[in-house]
Amino acid sequence: MRIRALVFRIWRQFLHDKRTLALMLLAPLFVMTLISLVFNGSTYKPKIGLITMPTALSQRLATESVTLSSYASPASALSALKNQSIDAYVDFHHGQLTIKLEGSDPSTNQAVLMDLQKLTQPTTTHQAFKQPMISYLYGSASMTSFDNFGPVLIGFFAFFFVFLVAGISFLNERTTGTLDRLLATPIKRYEVVLGYVLGYGVFTIVQAFLITWFSVDILGMMMTGSLFVLLIVTLLLSMSALTFGMFISSFANSEFQIMQFIPIVVVPQLFFSGLFNIATMAPWLRWLSYLMPLYYGADAMRNVMIRGKSIDVIGIDLLFLLALSLVFIVLNVVTLRKYRKV
Amino acid sequence: MPNKESIVADHVTRRFGKKTILKEISLEVFSSEIFGLLGPSGSGKTTLVKLLAGIDEASSGSVYMGNITLPRREMLSKIGYMAQSDALYEELTAQENLDFFASLFGLSGKTKRRRIEEVMALVNLQDAIKKLVSSFSGGMKRRLSLAIALLHQPKILILDEPTVGIDPILRVSIWNELRAMSDEGTTIIITTHVMDEADKCDRLAMIRNGSLIALGSPDALKQETNTSTIEQAFLTYGGAQA
Chain R
1 MRIRALVFRI WRQFLHDKRT LALMLLAPLF VMTLISLVFN GSTYKPKIGL
51 ITMPTALSQR LATESVTLSS YASPASALSA LKNQSIDAYV DFHHGQLTIK
101 LEGSDPSTNQ AVLMDLQKLT QPTTTHQAFK QPMISYLYGS ASMTSFDNFG
151 PVLIGFFAFF FVFLVAGISF LNERTTGTLD RLLATPIKRY EVVLGYVLGY
201 GVFTIVQAFL ITWFSVDILG MMMTGSLFVL LIVTLLLSMS ALTFGMFISS
251 FANSEFQIMQ FIPIVVVPQL FFSGLFNIAT MAPWLRWLSY LMPLYYGADA
301 MRNVMIRGKS IDVIGIDLLF LLALSLVFIV LNVVTLRKYR KV
Chain L
1001 MPNKESIVAD HVTRRFGKKT ILKEISLEVF SSEIFGLLGP SGSGKTTLVK
1051 LLAGIDEASS GSVYMGNITL PRREMLSKIG YMAQSDALYE ELTAQENLDF
1101 FASLFGLSGK TKRRRIEEVM ALVNLQDAIK KLVSSFSGGM KRRLSLAIAL
1151 LHQPKILILD EPTVGIDPIL RVSIWNELRA MSDEGTTIII TTHVMDEADK
1201 CDRLAMIRNG SLIALGSPDA LKQETNTSTI EQAFLTYGGA QA
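Same order as they appear, the protein sequences are chains R and L. Taken in order, the first sequence gives residues 1 to 342; the numbers are from the numbering used here. Taken in order, the second sequence gives residues 1001 to 1242; the numbers are from the numbering used here.
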């Protein structure tokens, strides 16, 4: 009987907290939907640039699942490779096939090489070629998937933990009544928000430093760019997590409800951050990624760590991160009106 | 002619969503008096206090301090507010809590140190100043919370259930201090549901279900209802309402 009483009490609590109920029942469906959208996209067709190529070969290549484009010179193909409009280019001289890969994504490398390997096999019409010469613009044949995913994961965890901690501590400020007391002093609303940003900012700097140092020096993650630039990226990403966490916390009444936001607002960012190839995603879904801080953070981190890009290339990512943080800061100042009108 | 530090509520109504918490309340708190808000829990005392402190805004009607319409951020520096919940940072020490709030009110250096010592002596917590608030008992937290409200020597002191969980001897000394402060010109608004505390106020407002049911000095209220205690007076007013 006591057990029945307990069971009923728990049911009643759930019925009173419809959000928790909805989370338990619906969130898994939501996450599974996202995953299916990510993985059920059409298989990735490598984009290959051709410079000089015998017609027979390019015709054969065209029968594979690839997108082909022609370039007049190695120089123009190289610049296309650099701005990632193609994944690789091939050139053919005196029976020697030269392949140059963009190289930052091991799975794309593999797809390109698989398709090109077929060309070099002997057929009835011609004999075998010499072994193709393969080179990489970034990365190398020894680059692992971890090197490719690594930067995204650094960004994700930096984001995730700052989000959680900031969200919960700002929530506590509200639930323990200290926010009311704080707002009963002449402090301005924006001072509260900036105080939080700066106060936690110091810890995010330490976190950014630790996480990048650990990944590069201890885990041996590939790192071709400058550590300083990487730190700036991590810092700005954490800043967006901080302001975003504070904002989200105003829609939660308990730590538990903050947790409920994780599958809704944090996990999806992981899918859109480049962990999976979003080029195969439905276009209407792809624009979602432009609203997600992690998308910019991960893109910048990959550019720095794998491609060794400097601040002028990733500047646009940093700008978006900064803008998102500013938007959340303003939203936080506005939401504080809920607790004090002036 | 309202004094500079008097607070006037003029037909104040406060709604949260569809729920009306306060209905058409009009009252004036005179300068340097101890004004009590008496009512059962859930009657709307805390909501009214927040309006009088200028933290919250009325749905209709207005609140004035002197001739200034509240809420207004600048006026908050004149107000010491002690909320019903203790609202302390439990992971900090008493000293750190005091230091934080003192700084928010612009105290610094010697003045800050002196004021912290004074208020801690007042609530008899000097020995616990270096301790973490999380190790405090309920009564100690209440006292620290009161100490914080007194830090910046506010012209208006608003105390929401200040003496809950405080031992009777200390309660007497706190009331003596409140009386001394009011004699020196501080206006004090205090909410309570303890009837014997209500007796110590200069004037009382009785609130029930969000409406003002009576307003006057404790003696006048007792006289008017032909009763000998505030509790009986409250019952009479409440009964007349129902």
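Heads up, the beta-carbon is just placed ideally off N, CA and C, and yes, glycines get one too. On a predicted model such as this, the values are computed, not experimentally measured, just so you know.
| field | At least 3 beta-carbon pairs within less than 8 Å: the region 1125 to 1143 of chain L vs the region 1160 to 1179 of chain L | value | Yes, they touch.
| query | Mind checking Gly1054 (chain L): buried by the 16 CB within 10 Å criterion, or exposed? | reply | As a position in the second sequence, residue 1054 (chain L) is number 54, starting the count at 1. Classification for Gly1054 (chain L): buried.
| Cα-Cα separation between Tyr344 (chain R) and Gly155 (chain R), rounded to whole angstroms | Because residue 344 (chain R) is not part of the residues shown, which for chain R are 1 to 342, the question remains open.
| Cβ-based neighbour list, Ala429 (chain R), same chain, cut-off 6 Å, excluding 5 preceding and 5 following | Absent from the structure is residue 429 (chain R), since the part of chain R shown begins at 1 and ends at 342.
| query | Going by the beta-carbon positions, is the gap between Asn109 (chain R) and Met133 (chain R) smaller than 9 Å? | reply | Indexing the first sequence from 1 puts residue 109 (chain R) at position 109. Indexing the first sequence from 1 puts residue 133 (chain R) at position 133. Inclusion of Asn109 (chain R) and Met133 (chain R) in the CB contact set at 9 Å is not warranted, their separation being larger than that value.
| Looking at C-alpha atoms only, which residue of L:Lys1078, L:Met1120, L:Ala1147, L:Asp1167 is the closest neighbour of Gly1106 (chain L)? | Walking along the second sequence from the start, residue 1106 (chain L) turns up at place 106. Each of L:Lys1078, L:Met1120, L:Ala1147, L:Asp1167 was checked against the Cα of Gly1106 (chain L), and the nearest Cα belongs to L:Lys1078.
| message | Assuming Arg60 (chain R) is part of the alpha helix (DSSP H), what are its boundary residues? | response | One-based indexing of the first sequence puts residue 60 (chain R) at position 60. Start and end: 55 to 62.
| request: Taking 8 Å as the threshold, find out whether the region 1037 to 1056 of chain L comes into contact with the region 1185 to 1194 of chain L through three or more Cβ pairs. | output: Because the criterion of three Cβ pairs below 8 Å is met, the region 1037 to 1056 of chain L and the region 1185 to 1194 of chain L touch.
| request: Would you mind telling me which residues of chain A sit closer than 9 Å to Phe1101 (chain L), beta carbon to beta carbon, in chain order? | output: Note that chain A does not occur in the displayed structure, where the protein chains are R and L.
| query | CB-CB under 7 Å to Val313 (chain R), same chain, minus the five flanking residues each way: which ones, in chain order? | reply | Here residue 313 (chain R) corresponds to residue number 313 of the first sequence, with the count starting at 1. Counting only Cβ-Cβ distances below 7 Å, and skipping sequence neighbours, we find Asn303.
| message | Measuring straight from C-alpha to C-alpha, what distance separates Ile211 (chain R) and Leu113 (chain R)? | response | Numbered from 1 along the first sequence, position 211 holds the residue referred to as residue 211 (chain R). Numbered from 1 along the first sequence, position 113 holds the residue referred to as residue 113 (chain R). Cα-Cα distance, rounded: 34 Å.
| Contact list for the region 1081 to 1092 of chain L against chain R, Cβ threshold 9 Å | Cβ contacts with chain R come from Tyr1081, Met1082, Ala1083, Gln1084, Ser1085, Asp1086, Ala1087, Leu1088, Tyr1089, Glu1090.
| query | Which residues, in chain order, does the region 1129 to 1154 of chain L contribute to contact with chain R at a C-beta distance below 7 Å? | reply | Look at the region 1129 to 1154 of chain L: it has no residue with a C-beta under 7 Å from a C-beta of chain R.
| query | Just how far apart, CA to CA, sit Phe1030 (chain L) and Asp1199 (chain L)? | reply | Along the second sequence, one-based indexing puts residue 1030 (chain L) at 30. Along the second sequence, one-based indexing puts residue 1199 (chain L) at 199. Here the alpha carbons of Asp1199 (chain L) and Phe1030 (chain L) stand approximately 17 Å from one another.
| Three-state secondary structure (DSSP) at Ala1094 (chain L)? | Within the second sequence, the letter at position 94 stands for residue 1094 (chain L). Of the three classes helix, strand and coil, the one that applies to Ala1094 (chain L) here is helix, per DSSP.
| Would Val202 (chain R) pass as a contact of Met239 (chain R) if the rule is Cβ separation under 9 Å? | Start at 1 with the first residue of the first sequence, and residue 202 (chain R) comes out as number 202. Start at 1 with the first residue of the first sequence, and residue 239 (chain R) comes out as number 239. Not closer than 9 Å, so no.
| request: Examine chain R for any beta-carbon lying closer than 9 Å to the beta-carbon of Leu1098 (chain L), and answer yes or no. | output: The sequence position of residue 1098 (chain L) within the second sequence is 98, counting from 1. For Leu1098 (chain L), the answer is no, since every Cβ of chain R falls outside 9 Å of its Cβ.
| task | Assign Asp147 (chain R) to buried or exposed, taking buried as 16 or more other Cβ atoms, counted over all protein chains shown, within 10 Å of its Cβ. | result | Here residue 147 (chain R) corresponds to residue number 147 of the first sequence, with the count starting at 1. Under a 10 Å Cβ-count criterion, Asp147 (chain R) is classified as buried, with 16 or more other Cβ atoms of the shown protein chains found around its own Cβ.
| So what does Ile1230 (chain L) bridge to, in DSSP terms? | By one-based count along the second sequence, residue 1230 (chain L) stands at place 230. DSSP output for Ile1230 (chain L) lists no bridge partner at all.
| Would a check of beta-carbon distances place Thr335 (chain R) closer than 9 Å to chain L? | Here residue 335 (chain R) corresponds to residue number 335 of the first sequence, with the count starting at 1. With 9 Å as the cut-off, Thr335 (chain R) does not count as an interface residue toward chain L.
| Best match in R:Ala22, R:Arg9, R:Arg2 for proximity to Gln257 (chain R) [C-alpha to C-alpha] | By 1-based counting over the first sequence, the position of residue 257 (chain R) is 257. Checked all of R:Ala22, R:Arg9, R:Arg2; the closest Cα to Gln257 (chain R) is R:Ala22.
| message | Residues in the same chain with beta-carbon distance under 7 Å from Phe1025 (chain L), minus the five sequence neighbours each way, listed in chain order, please. | response | The count along the second sequence starts at 1 and reaches residue 1025 (chain L) at position 25. A quick correction: the sequence has Ile, not Phe, at residue 1025 (chain L). Correct list, in chain order: Ala1009, Val1012, Leu1048, Leu1212.
| message | Under 8 Å, with one C-beta from each stretch per pair, do the region 165 to 173 of chain R and the region 308 to 327 of chain R reach the 3-pair mark? | response | Under the Cβ criterion (8 Å, minimum of three pairs), the region 165 to 173 of chain R does not count as touching the region 308 to 327 of chain R.
| query | Is there at least one Cβ from chain R nearer than 9 Å to Glu1161 (chain L)'s Cβ? | reply | In the second sequence, residue 1161 (chain L) corresponds to position 161, counting from 1. Chain R, which has no Cβ nearer than 9 Å to the Cβ of Glu1161 (chain L), makes this no.
| request: Verify the CB distance criterion: does Lys341 (chain R) have a CB-CB separation below 9 Å to chain L? | output: Residue numbering aside, residue 341 (chain R) sits at position 341 when the first sequence is read from its first letter. For Lys341 (chain R), the answer is yes, since a Cβ of chain L falls inside 9 Å of its Cβ.
| message | Can you find the residues in the same chain that come closer than 8 Å, C-beta to C-beta, to Gly1216 (chain L), ignoring five residues on each side of it along the sequence? | response | If you number the second sequence from 1, residue 1216 (chain L) lands on position 216. Excluding positions up to five away in sequence, the list reads Arg1203, Leu1204, Glu1224.
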